[in-house]
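J.:
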Amino acid sequence: MLKDFFMGLSKNQFLNTAAKKYGLKLGAQNVVAGTNIEETIQSIKELNAHGIACTVDNLGEFVYKEEEAIEAKEQILNVIEAIHENGVDAHISLKPTQLGLDIDYTFCFNNLREIVDRASRYDIHVNIDMEDYGHLQPSFDIIDDLSREYDNVGTVIQAYFYNAQENLEKYKNYRLRIVKGAYKEPKEYAFQEKKEIDSNFVKLIEWHLLNGKFTSIATHDHHIINHVKKFVKTHNIPNDKFEFQMLYGFRRDLQLQLAKEGYNFCTYVPFGKDWYGYFMRRLAERPQNVNLVVKQVFNK
Ligand code: FAD
């Protein structure tokens with residue numbers, strides 16, 4: 003019920019526009035690193051000081067106007083320059099719909115190509131985040147097209163999709179982030195039960211750790227993290243073949259602990275004015291996060 007409620011709110015255009023205008027509210031500042039690049043670089047430096055790498059996401063998705071997509075591209079190019087200039091340990095995560103996938107494939111591809119090209123000059127990796135099912139295949143097509151020229155590209159496999167294993171095998175030589183999946187998907191394409199999703203998630207992680215190039219295990223689920231720790235030990239998988247990832251502001255103690263234990267750790271650092279949809283999806287995933295909102299409203 004609550005999940006559907008927040009998923010519905012995440013797509014509300016009116017609230018989205020209002021949120022951009024009025025800045026970080028409702029506790030979003032706890033899970034969004036800042037509204038501009040300077041604040042974000044500062045947050046990255048603080049995480050780097052604890053041995054934590056970062057992947058930076060200029061918030062925004064489902065863009066339908068060319069000028070907005072171009073604005074997003076320019077901002078991401080500025081982030082790449084800032085990462086390079088500040089010498090921080092960070093790479094880029096981006097969403098194809100922010101760069102115009104719903105407007106035109108070639109327009110979006112050209113925006114992405116410019117970003118990947120700039121990042122490749124500085125040896126910065128670019129992760130193409132995966133969105134909902136309708137954008138899955140075109141996003142893989144973009145990756146295929148980019149890979150003809152560049153090798154600094156990776157992507158995401160969402161464990162709730164029935165075709166996740168197939169895509170995992172196809173893209174095994176990429177740096178892959180494996181996640182449970184964040185969008186509401188119909189049963190025609192995706193597992194609905196948590197138990198089934200979790201079990202597929204573990205299966206995909208194990209397969210990629212044994213057969214893939216580099217695995218980013220992106221989850222806040224300590225059961226799965228503990229399972230992975232045992233699995234890599236049993237199978238002698240070296241630490242440089244994988245990393246754990248979590249979102250900025252979530253389970254900070256666990257993030258620090260894993261880094262301290264010597265595991266590679268990467269925090270997903272979202273920033274920008276377009277925080278609303280991202281924040282609502284986090285509330286949908288874990289209604290306990292509403293505590294963030296409640297605390298914020300009453301601690302004025
Ligand atoms: P959940 O299933 O949400 O939680 C499992 C258990 O973990 C909970 O029952 C609880 O015991 C514990 N737990 C979880 N959160 C907390 C907490 N905050 N405090 C204490 N205990 C907690 N999705 C996409 O569809 N596409 C993407 O490109 C994508 N990229 C992502 C990148 C990163 C770095 C991360 C972390 C997630 C990404 N996701 C993406 C979202 C992902 O698909 C899940 O929706 C999200 O991570 C929630 O699932 P979970 O694995 O964290 O665990």
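The sequence shown begins at 3 in this note's numbering and counts up by one. The C-beta atom is built at its ideal place from N, Cα and C for all residues, glycine as well. Since this is a predicted model, take the numbers as computed values, not measurements.
1. Hey, would you say N129 sits closer than 7 Å to G156, going by beta carbons?
2. Can you list, in chain order, the residues of its chain whose CB lies under 6 Å from that of R120, leaving out five sequence neighbours each side?
3. Does the count of Cβ pairs from the region 213-227 and the region 177-188 closer than 8 Å reach three?
4. Grab the span of the alpha helix (DSSP H) containing Q160 for me, first residue to last.
5. Give the range of the alpha helix (DSSP H) segment to which E245 is assigned.
6. Around the Cβ of R284, are there at least 16 other Cβ atoms within 10 angstroms (buried) or fewer (exposed)?
7. Tell me whether D143 is buried or exposed, calling it buried when 16 or more other Cβ atoms sit within 10 Å of its Cβ.
8. With T217 as the anchor, note down where its beta strand (DSSP E) starts and where it stops.
9. Looking only at C-alpha atoms, which of Y250, Y278 and L96 sits nearest to N50?
10. Is any heavy atom in ligand 1 found nearer than 6 Å to the beta carbon of M132?
11. Within its chain, find whatever has a CB closer than 7 Å to the CB of L303; leave out the 5 residues flanking it on each side and keep chain order.
12. When you compare the CB positions of Y191 and F163, do they come within less than 7 Å of one another, or not?
13. Within a Cβ cutoff of 7 Å, which residues of the same chain sit near K47, ignoring the five residues on either side of it in sequence?
14. Quick check for students: name the residue ranges of the alpha helix (DSSP H) that lie wholly in the region 113-151, counting only runs of 4 or more.
15. Please classify S201: is it buried, with 16 or more other beta-carbons within 10 angstroms of its beta-carbon, or exposed?
16. Please confirm whether G274 and N60 have their CB atoms less than 7 Å apart.
T.: In this structure, then:
1. Stepping through the sequence shown from its first residue, residue 129 is reached at position 127. Stepping through the sequence shown from its first residue, residue 156 is reached at position 154. Result yes, Cβ atoms of N129 and G156 sit closer than 7 Å.
2. As a first step, residue 120 must be located in the sequence shown, where it is residue number 118. For R120, where only same-chain residues beyond five positions count, the Cβ hits under 6 Å are L79 and I82.
3. yes
4. Numbered from 1 along the sequence shown, position 158 holds the residue referred to as residue 160. Careful: Q160 lies outside any alpha helix (DSSP H), inside the beta strand (DSSP E) at V155 to Q160.
5. Here residue 245 corresponds to residue number 243 of the sequence shown, with the count starting at 1. That residue, E245, is in no alpha helix (DSSP H); its beta strand (DSSP E) goes F244 to L249.
6. For this step, residue 284 is matched to residue 282 along the sequence shown. R284 counts as buried, since no fewer than 16 other beta carbons sit within 10 angstroms of its beta carbon.
7. What you label residue 143 is simply residue 141 of the sequence shown in a count that begins at 1. Exposed, by the Cβ-count rule.
8. Sequence index remark: in the sequence shown, residue 217 carries index 215 (1-based). It spans F216 to A220 - the beta strand (DSSP E) in which T217 sits, taken as one unbroken run.
9. Working through the sequence shown from its first residue, we reach residue 50 at position 48. Per the Cα distances, Y250.
10. Taking the sequence shown and counting its residues from 1, one reaches residue 132 at position 130. Correct: M132 has its Cβ closer than 6 Å to ligand 1.
11. Limits of the chain in this structure are 3 at one end and 302 at the other, which puts residue 303 out of reach.
12. Taking the first residue of the sequence shown as position 1, residue 191 is located at position 189. Taking the first residue of the sequence shown as position 1, residue 163 is located at position 161. Against a cut-off of 7 Å, the Cβ pair of F163 and Y191 comes out as a contact.
13. On the sequence shown, position 45 is the one that residue 47 refers to. Answer for K47: V90, listed in chain order.
14. 138-149
15. Numbered from its first residue, the sequence shown carries residue 201 at position 199. Burial call: exposed.
16. Position 272 of the sequence shown, counted from the first residue, corresponds to residue 274. Position 58 of the sequence shown, counted from the first residue, corresponds to residue 60. With a cutoff of 7 Å on beta-carbon distance, G274 and N60 are scored as near each other.
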